[in-house]
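Worksheet: one structure, shown below.
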Amino acid sequence: MKLQLIAVGTRMPDWVTRGFEEYQRRFPRDMPLELIEIPAGKRGKNADIVRILQKEGEQMLAAIPKGNHIVTLDLPGKNWTTPELATAMNKWQLDGRDVSLLVGGPEGLAPACKEAAHQSWCLSALTLPHPLVRIVVAESLYRAWSVNTNHPYHRE
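Mapping the sequence shown onto full-length UniProt numbering, position 87 (from 1) lands on 87, and the numbers just tick up by one.
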């Protein structure tokens, strides 16, 4: 199974890139974690946010290979514990499809992305900076993998 993190935003600070890559490199070859960055629309004083969200959503959906299981990271989503995420990851593997996880920009995800989703995951009730979300998602997925494989990374 391939995990694909599709996130709005490019040119992240170095600490974000290093943090994400630290967990990305730990994934086994049979479950790689790929990052696809979608350019954020230009936001200014008179920006048409609805149009920007729509365009970002179209680009995100176009980046998803046909047949992938789609998971949005969104506030109305399910708040999983680590064991619950590990169970979800196990179900994804048994389903046999690759998984695309979608992270929106400052205003969240486009309605089209939410409609296309098979699941919605809420990382926290807190508003997290979108660059930090990349690292938290990568670490959480790696931890869930470690639970499923009895790897010593996760200790209870």
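Ideal Cβ placement from N, Cα and C applies to all residues, glycine included.
Note that this is a predicted model, so its numbers are computed, not measured.
Residue nearest to residue i in terms of C-alpha spacing, selected from the options
{"i": "Ile52", "options": "Gly9, Gly77, Leu85", "result": "Gly9"}
{"i": "Glu34", "options": "Asn148, Thr81, Ile135", "result": "Ile135"}
{"i": "Pro106", "options": "Ala117, Ala47, Gly67, Gly19", "result": "Ala47"}
{"i": "Glu115", "options": "Val16, Val137, Leu61, Gly96", "result": "Leu61"}
{"i": "Gln24", "options": "Gly41, Asn150, Tyr142", "result": "Tyr142"}
{"i": "Trp15", "options": "Asn90, Val133, Thr149", "result": "Val133"}
{"i": "Phe27", "options": "Leu3, Asn150, Gly41, Leu102", "result": "Leu3"}
Cβ-based burial, residue i [other Cβ within 10 Å; buried from 16]
{"i": "His130", "result": "buried"}
{"i": "Ile70", "result": "buried"}
{"i": "Ile64", "result": "buried"}
{"i": "Trp145", "result": "buried"}
{"i": "Leu5", "result": "buried"}
{"i": "Leu126", "result": "exposed"}
{"i": "Leu128", "result": "exposed"}
{"i": "Ile50", "result": "Correcting the residue type first, residue 50 is Val in the shown sequence and not Ile. Label assigned to Val50: exposed."}
{"i": "Gly67", "result": "exposed"}
{"i": "Gly44", "result": "exposed"}
{"i": "Lys96", "result": "The amino acid occupying residue 96 in the given sequence is Gly; Lys does not appear at that position. It is exposed - the Cβ of Gly96 has fewer than 16 other Cβ atoms within 10 Å."}
Residues of its chain near residue i, where Cβ-Cβ distance is below 8 Å and the 5 sequence neighbours each way are ignored
{"i": "Pro76", "result": "Ser120, Cys122"}
{"i": "Gly108", "result": "Leu53, Asp74, Leu75"}
For residue i, the residue or residues it bridges with in DSSP
{"i": "Thr72", "result": "Leu102, Ser120"}
{"i": "Lys55", "result": "According to DSSP, which records beta bridges pairwise, Lys55 is partnered with nothing at all."}
{"i": "Val8", "result": "Ile38"}
{"i": "Lys45", "result": "DSSP, once it has assigned bridges, lists no residue as partnering Lys45."}
{"i": "Leu132", "result": "Leu132 is not bridged to any residue."}
Cutoff 7 Å; reference residue i; Cβ partners in own chain excluding five residues on either side
{"i": "Met1", "result": "Met31, Trp92, Gln93, Asp98, Val99"}
{"i": "Gly19", "result": "Ile135"}
Same chain, Cβ closer than 6 Å to residue i, neighbours up to 5 away in sequence not counted
{"i": "Gly104", "result": "Val8"}
{"i": "His154", "result": "Arg143, Ser146, Val147"}
Taking contact to mean at least 3 C-beta pairs separated by less than 8 Å, is the stretch 54-61 in contact with the stretch 72-92? Cβ pair count under 8 Å is below three, so no.
Are the stretch 33-48 and the stretch 3-19 in contact at 8 Å, needing three or more beta carbon pairs? Touching, yes.
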